[in-house]
Amino acid sequence: MSNSGIITDLSTLTPMMQQYMGVKMQHPHSLMFYRMGDFYELFFEDAHKAAKLLGITLTHRGKANGEPIPMAGVPYHAAEGYLARLVKKGETVVICEQIGEVTGKAPVERGVVRIITFN
1 MSNSGIITDL
11 STLTPMMQQY
21 MGVKMQHPHS
31 LMFYRMGDFY
41 ELFFEDAHKA
51 AKLLGITLTH
61 RGKANGEPIP
71 MAGVPYHAAE
81 GYLARLVKKG
91 ETVVICEQIG
101 EVTGKAPVER
111 GVVRIITFN
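Here it is in structure tokens:
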């Protein structure tokens with residue numbers, strides 16, 4: 001998922017970004033809040049969409065296919081307000097939390113703990 005939306009070689013990504021892609025592929029049509037420490041981060045197309053809908057900064061983290069990976073984020077302690085705004089706009093949001101412990105250089109285990117939709 002570079003700017004063209006396609007990652008041709010997942011092995012070129014960091015272990016954390018490979019983990020992100022594995023979860024995102026299970027929820028391709030939802031925005032994914034991916035917990036990174038004190039923030040929920042969104043990447044690729046999700047970052048562009050969230051930045052536009054929420055008026056938050058679009059930046060980047062790392063590279064995919066030689067291109068910067070778009071990233072936007074919100075503090076975890078303020079997430080409920082951002083989630084409410086997205087759902088009110090008709091978005092479905094997947095919350096992916098850190099569920100494991102930090103062990104060495106491997107990425108912290110993460111998993112989907114909540115899916116929020118407009119009823």
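Quick note on our numbering: the sequence shown kicks off at 1 and runs consecutively. Ideal placement from N, C-alpha and C gives every residue a C-beta, glycine not left out. Computed from a predicted model, the values in this text were never measured in an experiment.
Distance cut-off 7 Å: residue i Cβ against heavy atoms of the ligand FAD
i, result
"Met-16", "Looking for the ligand FAD in the displayed structure turns up nothing, as the structure carries no ligands at all."
Best match in the options for proximity to residue i [C-alpha to C-alpha]
i, options, result
"Thr-57", "Met-25, Glu-80, Gly-73 and Met-32", "Gly-73"
"Met-71", "Leu-31, Ile-116, Thr-117 and Thr-103", "Leu-31"
"Thr-12", "Thr-59, Glu-67 and Ala-51", "Glu-67"
"Val-112", "Gly-22, Thr-14 and Pro-15", "Gly-22"
C-alpha gap between residue i and residue j, whole angstroms
i, j, result
"Arg-114", "Pro-28", "15 Å"
"Met-25", "His-48", "17 Å"
"Ala-64", "Leu-42", "15 Å"
"Leu-53", "Ala-84", "12 Å"
"Asp-46", "Tyr-34", "11 Å"
"Gly-124", "Cys-96", "Outside the displayed range of the chain (1 to 119) lies residue 124, so it cannot be described from this structure."
"Thr-59", "Ala-51", "9 Å"
"Ile-116", "Gln-18", "24 Å"
"Ala-106", "Ile-69", "21 Å"
"Gly-55", "Val-102", "32 Å"
C-beta atoms of residue i and residue j nearer than 8 Å
i, j, result
"Tyr-76", "Phe-44", "no"
Buried or exposed (CB count within 10 angstroms, at least 16 for buried), residue i
i, result
"Glu-80", "exposed"
"Glu-91", "buried"
"Val-93", "buried"
"Gly-100", "exposed"
"Leu-10", "exposed"
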